[in-house]
Each structure stands twice: as C-alpha cells, then as structure tokens.
Amino acid sequence: MLGDDMPWLVPLFFGSIAIWMFPKSVETFARDKSESLLRALRWLPFALLAVIISLRVSAILSHDTTHIEVASYLQSDASFVDRLHVLFAGDGLVEWMVLPLVYLFAWSGQGSQKTWTPEGLYKLKRTLALMLLVSSTLLFDDSAYIAPETMPLATIPSPMIDAWSVVFLALALFVVITGLLAAYAPSSGLQRYKNRFFVPVSPFVLTAFVYLFMAYLSSGVFDESWWSDPRQDDAYATFWMWIFLAFNLHIFAAPQRDIDAHLGAGNGRSKALAWSIGVAIGILVLVTALLMHNQQTPDQTAVKTSLWLVGWMAALMAGVLLLPLLGFDDGSRPELNWVRWSLMFGPLLWFLVFEHAPFLLLGSWIAVMMTTPLSWLLEESAASPRPPHIAMIALLAVVTIVFAITSGEGLRYTIPMGASLCVVSSMLDLRHATSSRQ
Numbered sequence: 014m015l016g017d018d019m020p021w022l023v024p025l026f027f028g029s030i031a032i033w034m035f036p037k038s039v040e041t042f043a044r045d046k047s048e049s050l051l052r053a054l055r056w057l058p059f060a061l062l063a064v065i066i067s068l069r070v071s072a073i074l075s076h077d078t079t080h081i082e083v084a085s086y087l088q089s090d091a092s093f094v095d096r097l098h099v100l101f102a103g104d105g106l107v108e109w110m111v112l113p114l115v116y117l118f119a120w121s122g123q124g125s126q127k128t129w130t131p132e133g134l135y136k137l138k139r140t141l142a143l144m145l146l147v148s149s150t151l152l153f154d155d156s157a158y159i160a161p162e163t164m165p166l167a168t169i170p171s172p173m174i175d176a177w178s179v180v181f182l183a184l185a186l187f188v189v190i191t192g193l194l195a196a197y198a199p200s201s202g203l204q205r206y207k208n209r210f211f212v213p214v215s216p217f218v219l220t221a222f223v224y225l226f227m228a229y230l231s232s233g234v235f236d237e238s239w240w241s242d243p244r245q246d247d248a249y250a251t252f253w254m255w256i257f258l259a260f261n262l263h264i265f266a267a268p269q270r271d272i273d274a275h276l277g278a279g280n281g282r283s284k285a286l287a288w289s290i291g292v293a294i295g296i297l298v299l300v301t302a303l304l305m306h307n308q309q310t311p312d313q314t315a316v317k318t319s320l321w322l323v324g325w326m327a328a329l330m331a332g333v334l335l336l337p338l339l340g341f342d343d344g345s346r347p348e349l350n351w352v353r354w355s356l357m358f359g360p361l362l363w364f365l366v367f368e369h370a371p372f373l374l375l376g377s378w379i380a381v382m383m384t385t386p387l388s389w390l391l392e393e394s395a396a397s398p399r400p401p402h403i404a405m406i407a408l409l410a411v412v413t414i415v416f417a418i419t420s421g422e423g424l425r426y427t428i429p430m431g432a433s434l435c436v437v438s439s440m441l442d443l444r445h446a447t448s449s450r451q
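Each step along the sequence shown adds one to the number in the numbering used here, with nothing skipped, and position 335 is 348.
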C-alpha cells in the first residue's frame, strides 16, 4: 500500500470518486466550463490510482525499507520473483482489483454512445462510487502512514501468487463489472430471457458464480469460527460482499428492470409498497434473528444485535423513499425499486459500520424474492402470479432457513443455498412476466 511519501493521495483519490455520487451535476457543471474539464474529472480517479500504484511498484522494486510491504515481506537479498509476488499478491492487491472499476468512470460509454442513455451512465457511475466509498476504509489500509508505529520489526513470510487465486480474482472482477453493465446497459427486452428458458444470466456467468461459491465454501469466510474475531480480515470479507452485490445485480436488478415495465400501469402500488416494506422487515427480523441466535453471534445478545441490524436496514428503506423527490424517479415503480435496492446494497453498506452485517444477506434475499410477486398480487393492473409460484418460493425459503439452523455451519452453506434459491425465484418471476404479456 501507499507509504508515508504522499499520504494525501488516498484521500484525494476517494474525493475524486465521491463527486461521482452526483454524476449529472458534475457533468453539467464541467461541460458548461469546457470539455477538457469534463475529461479531466472523468480520468482523475484513474490517474490518481495509477500514481498510487506506480509509487508502490517503485518502492517494492527499489527495496525501499520505509515502505510497509518491503519491511514486512522482503529481506535485503529478496529476488526479483519474490518482489513480483509481493507486488501482485501483497497488501496492495486491492489497488489492482479497483483499477478496472475506476476505469469505468472514464469510459462513459465510448463505443456505445448510440445505445447507452445518459441516465444509464449516471446510474453506473453512482453505483461504482457508492461501492468504492462504503468499502474504502476496509479495503485501503491507511495505517502505514497514519500510525507509523505499525511498521513491523521483522519480516514475515511473503505472499505467493497462486494460479487458482488468479482465476478467482479474474472471475470476481468479471461478475462485478458485468453485473454493473447488466443492471444499467440498454436492454433488448425479455425475449433474450425467454430464449434462455427464463434464466436471468448467461450460462457463463452462472458457471462463474458456481466456481466463486465453491471457493466460498472452502475459504472459511463467515463460517462458524469467523465470528470469534469478525474484523480479522476486513478487506477479504469486503471483497466477498462485493461478489454478493454483483450476484444481486445479475439475478435481481437486471431482470426486475425488464419485468416491472411489462406488468401494468401500477394502480394500487402505494398499497403494494406498504405491504412490501412490512413483509420485507418482518422477514429480515425473523431470518436474521434465527441465524444469529443459532450461531450465538456475537454472544447471548444475538437477538438484540439482530434487531439492531434490522432497525438500520429499516431506516435505510425509509430513507430511500425520499430519493424520488431528489430526481431519482425513473422506472415504472421507483419507490419499490429503491426499497429493493436498499435490500440488495444494505448488507455491504452496513458492513462498513457493523461487523455482523453479513447475517442480513439471507433475509435480504428472501425479502426481495417474496416482495416481488407480492407487489404484482396487490397491484390492480398487474397480472397476479399463480399460487404454485408463491408457494414454491415460500417452501424453498423455509427449507433453506431450516437447513441453515439445523446444519450448525453458520453461513457457510446458508449463502450458497440462498443464492441457488435466488436463481430459481428469478426464473419464476421472469416466466410469470413473460407469460403475462402473451
């Protein structure tokens, strides 16, 4: 990571990202000044990250002993191969992970100007900025220049580049980037899903997620032993939260954008919204409390902690209802869409503050699955799903919860099972949406 040479680079980097939380205002202001200013603002995060990476490369290759990674991992006789291992697998790995995401700020739809809408690009930038900002304090370890006393007194075994780790990182970045593009790129309609037998994503993306969830099972992250020291590896855990968010974008966000546009004018959607919020909070309370009580995490106050977590999720869902007043009102059901997005983003967002936020994952998934057909059922102009549709989702959700509680494995098997349930639910939703149009 960046040493104490230029400690202002990291906060400046995140400041250049923070402005893209308001992409329309930034681009309007910059374009009124000059196109050069607009290009500079688009490329600024990428340029700053390139400087940060170049300083790290220089420190490692020149064996700068004031750099925390050199002091930690490299002895004076370290070979060039050893330095490459530290460069690509050391503490600064996150910088390589973030680099392609930051490039998307500057990309701005080049080569796709005729198909991408400005609103789609604004949403892409806003989501990218949110992901990076809420993860910044966990992914970027700034202790090297804030607390110099953390410099190690002796070298420790250096990290090594593993072929399977490279595959894992490549697939993780692939699903994150394609998830963002799938959620905001121009849609060709529901016909593509019909041709895939209502599968929400391509077989290749599904295969990538199967591999990633297999890696999750063997990683030990969020398993029973993890919760004895939840902050033991924040960057690694945060990266998994990114993968889960990418899963949400693929399985929920992209299909729902196409689904809702074909399910009626939305008469009675206020009633549907109220019931959806109530059911979502009820499911979150029940599922999260059961999981945390079963795991005894953090201790005998597990239920109390789960209520605290769900309370903040409820506050987030209430807060996002104000977003349409601020101009975020696109889509056929903007209020309901923002509630769903709070469920999809909430675990990652609150993990920044609450170390036990991953326990919200399963409840959030089930809440999205159950409230999607619920809104159709209550809206007057939407075609109601068949009883077997709702019964199957409810039955599979109950089976997943019961297995999670009786297995004694915490979240280890719960999350892959919940992910499989999400895929089945999304397929049923797509099938109903397609058949209701015919």
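Just so it is clear, CB atoms sit at the ideal spot from N, CA and C, and this is done for glycine as well.
Neighbourhood of residue i by C-beta, 7 Å cutoff - its chain only, sequence neighbours within 5 removed
{"i": "residue 281", "result": "391, 392, 393"}
{"i": "residue 159", "result": "Bear in mind that a pLDDT of 44 at residue 159, under 50, signals an unreliable position, so the number given afterwards is only what the model happens to contain. Here the set comprises nothing."}
{"i": "residue 303", "result": "414, 418"}
{"i": "residue 138", "result": "33, 36, 118"}
{"i": "residue 136", "result": "197"}
{"i": "residue 187", "result": "221"}
{"i": "residue 420", "result": "426"}
Cβ neighbours of residue i in the same chain (closer than 6 Å, five flanking residues each side left out)
{"i": "residue 211", "result": "440, 443, 444"}
{"i": "residue 240", "result": "310"}
{"i": "residue 258", "result": "361"}
{"i": "residue 119", "result": "55, 56, 59"}
{"i": "residue 378", "result": "431, 435"}
{"i": "residue 196", "result": "262, 266, 267"}
{"i": "residue 351", "result": "333, 336"}
{"i": "residue 316", "result": "302, 306"}
{"i": "residue 213", "result": "264, 268, 439"}
{"i": "residue 314", "result": "none"}
Exposure label - residue i; buried when at least 16 CB within 10 Å
{"i": "residue 17", "result": "Confidence at residue 17 is low in this model, with a pLDDT of 44, below 50, so the placement of that residue is unreliable and no value is reported for it."}
{"i": "residue 161", "result": "Below a pLDDT of 50, predicted positions are generally treated as unreliable, and residue 161, at 46, falls in that range; the measurement from the model is reported next regardless. Flag for residue 161 reads exposed."}
{"i": "residue 93", "result": "exposed"}
{"i": "residue 398", "result": "buried"}
{"i": "residue 69", "result": "buried"}
{"i": "residue 312", "result": "exposed"}
{"i": "residue 375", "result": "buried"}
{"i": "residue 44", "result": "exposed"}
{"i": "residue 218", "result": "buried"}
{"i": "residue 128", "result": "exposed"}
{"i": "residue 38", "result": "exposed"}
{"i": "residue 244", "result": "exposed"}
{"i": "residue 269", "result": "buried"}
{"i": "residue 107", "result": "buried"}
{"i": "residue 177", "result": "exposed"}
{"i": "residue 411", "result": "exposed"}
{"i": "residue 41", "result": "exposed"}
{"i": "residue 416", "result": "exposed"}
{"i": "residue 273", "result": "buried"}
{"i": "residue 331", "result": "exposed"}
{"i": "residue 183", "result": "exposed"}
{"i": "residue 130", "result": "exposed"}
{"i": "residue 114", "result": "buried"}
{"i": "residue 192", "result": "buried"}
Nonlocal neighbours in the same chain, by C-beta distance under 8 Å from residue i, ignoring five residues either side
{"i": "residue 236", "result": "422, 423, 424, 425"}
{"i": "residue 173", "result": "98, 102"}
{"i": "residue 25", "result": "61"}
{"i": "residue 318", "result": "305, 310, 311, 369"}
{"i": "residue 65", "result": "15, 22, 23, 26, 108"}
Any chain B beta carbon closer than 9 Å to residue i
{"i": "residue 129", "result": "Checking the listed chains, one finds no chain B in this structure; it contains a single protein chain."}
- prompt: Is the segment 375 to 391 close to the segment 294 to 304, with three or more CB pairs under 8 Å?
  reply: Yes: at least three Cβ pairs fall under 8 Å.
message: To test your reading of the DSSP string, which unbroken beta strand (DSSP E) runs of 3 or more residues are found completely within the segment 68 to 120?
response: Complete beta strand (DSSP E) runs here, min 3: none at all.
- prompt: Is it a yes or a no for the segment 419 to 432 touching the segment 222 to 232, going by three-plus beta-carbon pairs under 8 Å?
  reply: Yes, since at least three Cβ pairs between the segment 419 to 432 and the segment 222 to 232 fall closer than 8 Å, the two stretches touch.
task: Give, in chain order, every unbroken run of the alpha helix (DSSP H) that is at least 4 residues long and sits entirely within the segment 361 to 396.
output: Inside the segment 361 to 396, DSSP marks whole alpha helix (DSSP H) runs of 4 or more residues at positions 373 to 391, from first to last along the chain.
- prompt: Are the segment 45 to 57 and the segment 75 to 85 touching, with three or more C-beta to C-beta distances below 8 Å?
  reply: Segments in contact, no.
- prompt: Quick one: complete alpha helix (DSSP H) runs, 4+ long, within the segment 178 to 235?
  reply: Annotation: the segment 178 to 235 contains the following complete segments of the alpha helix (DSSP H) (minimum length 4 residues), in chain order: 204 to 208, 216 to 232.
message: With three or more beta-carbon pairs closer than 8 Å as the criterion, would you say the segment 369 to 380 touches the segment 313 to 324?
response: The answer is yes - the segment 313 to 324 touches the segment 369 to 380, with three or more Cβ pairs under 8 Å.
field: Start-end ranges of the alpha helix (DSSP H) lying completely within the segment 273 to 308, minimum 4 residues
entry: Entirely contained in the segment 273 to 308, the alpha helix (DSSP H) runs reaching 4 residues are, in chain order, 282 to 308.
message: So within the segment 24 to 64, which uninterrupted alpha helix (DSSP H) runs reach at least 4 residues, ignoring any that extend past its ends?
response: At a cut-off of 4 residues, the continuous stretches assigned as alpha helix (DSSP H) that sit fully inside the segment 24 to 64 are 36 to 46.
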